[in-house]
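Quick notes on the structure that follows.
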Amino acid sequence: MAVKKTSIYWNEHAETLSRDQIHTMQATGLRALLDHVMAGDNMYSRRLKAAGVNPADIRTPEDFSALVPLTSKDDLRDEMQRTGQAMPHLCVPRSEIRLAGPSAGTSGSSTYQAFTAADLDTNIEMIARMQWAGGFRPDDVLFLMTTPFAPWAHIAREAAKKIGINWIIFDDHVAQNVTRYANTIRNLRPTVMHCGLSTLRYLTADPNLTSLGDCHHVIISGAELGPEARIDFRNRLGLEVTSNAGHGSDLNLFAVECDQHDGHHWIGEENVLVEIVDPDTGVPVSEGEIGEMVITDFYRRATPHLRWRTEDLFVENTGACACGRTGRRYTCLGRASNRVTAGGCHIHPYQVEASLARVMVGRNREFALIRHEDDPGFLDLRVVEAGHTEADKAAAETIKTHLGQELGTRVRVRFVPKLPMVGYKTLRVIGPEMDPAPA
Ligand SMILES: [Zn+2]
Numbered sequence: 000m001a002v003k004k005t006s007i008y009w010n011e012h013a014e015t016l017s018r019d020q021i022h023t024m025q026a027t028g029l030r031a032l033l034d035h036v037m038a039g040d041n042m043y044s045r046r047l048k049a050a051g052v053n054p055a056d057i058r059t060p061e062d063f064s065a066l067v068p069l070t071s072k073d074d075l076r077d078e079m080q081r082t083g084q085a086m087p088h089l090c091v092p093r094s095e096i097r098l099a100g101p102s103a104g105t106s107g108s109s110t111y112q113a114f115t116a117a118d119l120d121t122n123i124e125m126i127a128r129m130q131w132a133g134g135f136r137p138d139d140v141l142f143l144m145t146t147p148f149a150p151w152a153h154i155a156r157e158a159a160k161k162i163g164i165n166w167i168i169f170d171d172h173v174a175q176n177v178t179r180y181a182n183t184i185r186n187l188r189p190t191v192m193h194c195g196l197s198t199l200r201y202l203t204a205d206p207n208l209t210s211l212g213d214c215h216h217v218i219i220s221g222a223e224l225g226p227e228a229r230i231d232f233r234n235r236l237g238l239e240v241t242s243n244a245g246h247g248s249d250l251n252l253f254a255v256e257c258d259q260h261d262g263h264h265w266i267g268e269e270n271v272l273v274e275i276v277d278p279d280t281g282v283p284v285s286e287g288e289i290g291e292m293v294i295t296d297f298y299r300r301a302t303p304h305l306r307w308r309t310e311d312l313f314v315e316n317t318g319a320c321a322c323g324r325t326g327r328r329y330t331c332l333g334r335a336s337n338r339v340t341a342g343g344c345h346i347h348p349y350q351v352e353a354s355l356a357r358v359m360v361g362r363n364r365e366f367a368l369i370r371h372e373d374d375p376g377f378l379d380l381r382v383v384e385a386g387h388t389e390a391d392k393a394a395a396e397t398i399k400t401h402l403g404q405e406l407g408t409r410v411r412v413r414f415v416p417k418l419p420m421v422g423y424k425t426l427r428v429i430g431p432e433m434d435p436a437p438a
């Protein structure tokens with residue numbers, strides 16, 4: 000396919016559908032999905048029947064939200080236990096599966112997802128949109144750091160090939176291999192990368208570094224990035240950093256920033272229904288309110304997700320985006336379980352990232368919040384600083400004052416050489432037993 004390198008869209012038609020067109024496609028797609036799952040005996044058909052849902056009553060996405068019960072990862076695990084099946088949500092014969100694999104499994108036992116040939120084609124197309132939005136272009140050399148056994152690893156490579164990237168350097172993605180990644184960047188000179196935010200920060204922590212070789216665009220996953228921290232990567236290292244928010248492990252779906260950097264656009268609403276709901280009631284929240292992201296990937300046939308709880312909190316950005324994409328935009332606030340109470344305030348890790356990014360001594364530093372059993376009356380913050388110096392005291396004082404003003408609570412800051420990680424992710428909230436700098 001001939002692709003104009005200068006186009007801002009990978010798939011202009013799909014990325015600029017009108018909201019009416021999207022609504023119509025969602026209505027059709029959701030009804031087709033219901034017919035598909037109800038035609039067989041699977042976790043969803045059993046759950047829908049148990050809830051007394053009659054698919055004939057569902058004509059619109061609004062009907063679907065009102066009538067179909069939420070599904071959680073624990074519901075899937077319970078069904079795995081009860082039925083003894085690895086994929087109780089499988090809705091096609093095994094002979095139709097073209098790709099299946101485990102989730103990353105960082106939170107308990109692995110679940111599995113599967114794709115038919117058509118599922119794969121659609122997913123790869125949507126991931127190509129994300130990579131294009133992140134600045135990947137034909138003839139780039141991609142360095143892809145990812146969990147090698149998850150379906151995402153295959154799909155990310157296929158999407159890059161579809162864009163026209165011929166050389167893909169592939170590696171796993173764990174904190175202890177960062178030295179190897181740095182050597183690869185120096186020696187093989189990739190031009191674009193996809194990795195986690197913690198990894199990028201470890202790769203670029205040296206204040207004397209002025210570039211990451213030939214690398215010019217990086218897509219980061221797994222954590223939120225403050226706006227000033229993104230600009231710091233540009234000014235200091237010539238790197239354009241695009242963050243995504245979403246679900247590589249369970250769904251292979253994301254929202255991604257465009258060049259306006261005003262929230263994350265969902266990458267394919269003509270294939271997926273995204274809802275932001277009250278986590279307690281499952282009812283969609285009003286525009287601009289915080290809620291849990293719930294996803295129905297109605298294009299899928301092998302292991303679809305029906306009103307699947309992501310356990311991540313989002314808020315929708317309002318108004319049209321100057322880039323022309325019509326996909327709704329969201330700001331990710333992080334895991335619902337990552338909220339801590341400090342001095343009577345509820346604080347999300349995203350707020351701390353954004354606030355740290357606004358002060359020079361806090362910008363682009365990895366951090367964690369300590370969750371105490373009872374509210375200690377202040378936010379207990381740990382910030383990574385490789386070498387301890389006398390200057391740290393002043394830096395800690397600056398962060399304490401700045402965050403205190405912005406977050407409206409007292410703050411305690413301790414610098415630590417490193418923080419606990421799971422895979423490539425820094426744990427943003429830890430208990431006192433994992434605290435590298437206890438009182
Ligand atoms: Zn945009």
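Going by numbering that gives the first Met the number 0, 146 is the number at position 147 of the sequence shown; the sequence numbering is gapless.
The beta-carbon is built from N, C-alpha and C at its ideal position, and this holds for glycine as well.
Keep in mind the model is a prediction, meaning the values are calculated, not measured.
Determine the direct distance from the alpha carbon of V293 to that of T5, and round the result to whole angstroms.
Here the question's residue 5 lines up with position 6 in the sequence shown. Here the question's residue 293 lines up with position 294 in the sequence shown. Going by the C-alpha atoms only, they are around 34 Å apart.
Unbroken stretches of the alpha helix (DSSP H), 4 residues or longer, contained in the region 232-277
Listed in chain order, nothing qualifies, since the region 232-277 has no complete alpha helix (DSSP H) run of 4 or more residues.
Residues near R299 by beta carbon distance below 6 Å, same chain, minus five either side:
Indexing the sequence shown from 1 puts residue 299 at position 300. Around R299: D118.
Report the three-state DSSP secondary structure of E11 (helix, strand or coil).
Locating residue 11 in the sequence shown gives position 12, counting from the first residue. Assigned with DSSP and collapsed to three states, E11 falls in helix.
How is A149 classed by DSSP in three states: helix, strand or coil?
Residue 149 sits at position 150 when you count from the first residue of the sequence shown. The answer is coil: DSSP assigns A149 none of H, G, I, E or B.
Specify whether the region 145-165 and the region 226-243 touch according to this definition: at least 3 beta carbon pairs, one from each stretch, less than 8 Å apart.
The region 145-165 is not in contact with the region 226-243.
Here's the rule: buried if 16 or more other CB atoms are within 10 angstroms of the residue's CB, otherwise exposed. What is V191?
As a working note, residue 191 is residue 192 in the sequence shown. With 16 or more Cβ atoms within 10 Å of its Cβ, V191 is classed as buried.
For the region 22-31 against the region 177-190, do three or more pairs of beta-carbon atoms, one drawn from each stretch, fall closer than 8 Å, so that the two count as touching?
With a cut-off of 8 Å, the region 177-190 and the region 22-31 do not count as touching, because too few Cβ pairs lie within range.
Let me check understanding here. Comparing Cα to Cα, which of P278, C322, M86, E124 lies closest to S109?
As a first step, residue 109 is located in the sequence shown; it is residue number 110 there, counting from the start. For S109, the nearest C-alpha among the options comes from M86.
Report buried or exposed for M359, applying the criterion of at least 16 other Cβ atoms within 10 angstroms of its Cβ.
The sequence position of residue 359 within the sequence shown is 360, counting from 1. It counts as exposed.
Where V284 falls: helix, strand or coil (DSSP)
Here residue 284 corresponds to residue number 285 of the sequence shown, with the count starting at 1. V284: coil per DSSP, three-state reduction.
Do you know offhand how far T309's Cα is from L252's?
Here residue 309 is taken as the residue at index 310 of the sequence shown, counted from 1. Here residue 252 is taken as the residue at index 253 of the sequence shown, counted from 1. Rounded to whole angstroms, the gap between the alpha carbons of T309 and L252 is 11 Å.
Would you decide whether D19 is buried or exposed? Buried here means 16 or more other CB atoms lie within 10 Å of its CB.
The count along the sequence shown starts at 1 and reaches residue 19 at position 20. Around the beta-carbon of D19, fewer than 16 other beta-carbon atoms lie within 10 Å, marking it exposed.
Any chance the CB of R18 is under 8 Å from a heavy atom of ligand 1?
Counted from its first residue, the sequence shown places residue 18 at position 19. Because no heavy atom of ligand 1 lies under 8 Å away, the Cβ of R18 does not count as near it: no.
Let's test the definition: count the other Cβ atoms within 10 Å of the Cβ of N122 and tell me whether it reaches 16, buried, or not, exposed.
As a working mapping, residue 122 is identified with position 123 in the sequence shown. Using a 10 angstroms sphere on the CB of N122, the tally of other CB atoms reaches 16 or more, which defines it as buried.
M0 (DSSP reduced to helix, strand or coil):
Here residue 0 corresponds to residue number 1 of the sequence shown, with the count starting at 1. Any reading at M0 must be qualified, since the residue scores a pLDDT of 48, below 50, and its modelled position is unreliable; the value itself is stated next. It is coil, neither helix nor strand.
Report, in whole angstroms, the separation of the C-beta atoms of A341 and L312, which I expect to be a contact under 8 Å.
Locating residue 341 in the sequence shown gives position 342, where the first residue counts as 1. Locating residue 312 in the sequence shown gives position 313, where the first residue counts as 1. Contact flag wrong, Cβ pair sits at about 17 Å.
Taking E256 and I21 to be in contact with their CB atoms under 8 Å, please state how far apart those CB atoms are, rounded to whole angstroms.
On the sequence shown, position 257 is the one that residue 256 refers to. On the sequence shown, position 22 is the one that residue 21 refers to. Wrong, their Cβ atoms sit about 20 Å apart, outside the cutoff.
Who does D74 pair with in a DSSP beta bridge?
Position 75 of the sequence shown, counting from 1, holds the residue named residue 74. Beta-bridge pairing links D74 to no other residue.
Rounded to whole angstroms, what's the CA-CA distance from H263 to L47? Just pull it up for me.
Position 264 of the sequence shown holds residue 263. Position 48 of the sequence shown holds residue 47. Rounded to whole angstroms, H263 and L47 show a C-alpha spacing of 32 Å.
State yes or no: is the C-beta of R328 nearer than 8 Å to some heavy atom of ligand 1?
The residue you call residue 328 lines up with position 329 of the sequence shown. Yes, the Cβ of R328 comes within 8 Å of a heavy atom of ligand 1.
Report yes if the C-beta distance between E315 and R328 is below 9 Å; otherwise report no.
Working through the sequence shown from its first residue, we reach residue 315 at position 316. Working through the sequence shown from its first residue, we reach residue 328 at position 329. The Cβ-Cβ distance between E315 and R328 falls below 9 Å.
Near A152, which residues of its chain fall below 7 Å by C-beta distance, leaving aside the five closest residues on each side in sequence?
One-based indexing of the sequence shown puts residue 152 at position 153. Taken in chain order, the residues that qualify are T145, T146.
Which residues mark the beginning and the end of the beta strand (DSSP E) in which A367 is found?
Position 368 of the sequence shown holds residue 367. Here the beta strand (DSSP E) through A367 covers 366-369.
Within a Cβ cutoff of 7 Å, which residues of the same chain sit near Q350, ignoring the five residues on either side of it in sequence?
The count along the sequence shown starts at 1 and reaches residue 350 at position 351. Around Q350: L406.
Note down, in chain order, each residue of its chain lying with its Cβ closer than 7 Å to the Cβ of G323, except the 5 sequence neighbours on either side.
Against the sequence shown, residue 323 aligns to sequence position 324. Cβ within range, chain order: T15.
Rounded to the nearest angstrom, what separates G133 and H216 at their Cα positions?
Taking the sequence shown and counting its residues from 1, the one referred to as residue 133 is at position 134. Taking the sequence shown and counting its residues from 1, the one referred to as residue 216 is at position 217. Between G133 and H216, the C-alpha separation is close to 7 Å.
Report yes if the CB atom of T302 is closer than 9 Å to the CB atom of H35, and no otherwise.
Here residue 302 corresponds to residue number 303 of the sequence shown, with the count starting at 1. Here residue 35 corresponds to residue number 36 of the sequence shown, with the count starting at 1. Contact flag unset, no.
DSSP on K161, reduced to helix/strand/coil?
The residue labelled residue 161 in the question sits at position 162 within the sequence shown. If DSSP states are grouped into helix, strand and coil, K161 belongs with the helices.
On the DSSP bridge assignment, give the partners of K399 in chain order.
In the sequence shown, counting from the first residue as 1, residue 399 sits at position 400. None, per the DSSP bridge assignment.
Using a strict less-than 6 Å threshold between each residue's beta carbon and the heavy atoms of ligand 1, what residues do you get?
A distance filter of 6 Å between CB atoms and the heavy atoms of ligand 1 selects the following residues in sequence order: C257, Q259, H264, C320, C322, R324.
Establish whether the CB of L406 and some CB of chain B are separated by less than 9 Å.
Annotation note: the requested chain B is absent from the structure, which comprises a single protein chain.
Along the chain, where does the beta strand (DSSP E) that runs through I184 open and close?
Translated into positions along the sequence shown, residue 184 becomes position 185. For I184, there is no enclosing beta strand (DSSP E); the enclosing alpha helix (DSSP H) has its first and last residue at 177-187.
Three or more C-beta pairs below 8 Å linking the region 219-233 and the region 406-425
With the cut-off at 8 Å, the region 219-233 and the region 406-425 touch.
Please look up how many angstroms separate the CB atoms of F142 and I168, rounded, as I've assumed it's under 8 Å.
Here the question's residue 142 lines up with position 143 in the sequence shown. Here the question's residue 168 lines up with position 169 in the sequence shown. Contact holds; Cβ gap of about 5 Å.
Which residues DSSP lists as bridging H90, in chain order:
Within the sequence shown, the letter at position 91 stands for residue 90. Per the sequence shown, residue 90 should be read as Cys rather than His. DSSP, once it has assigned bridges, lists no residue as partnering C90.
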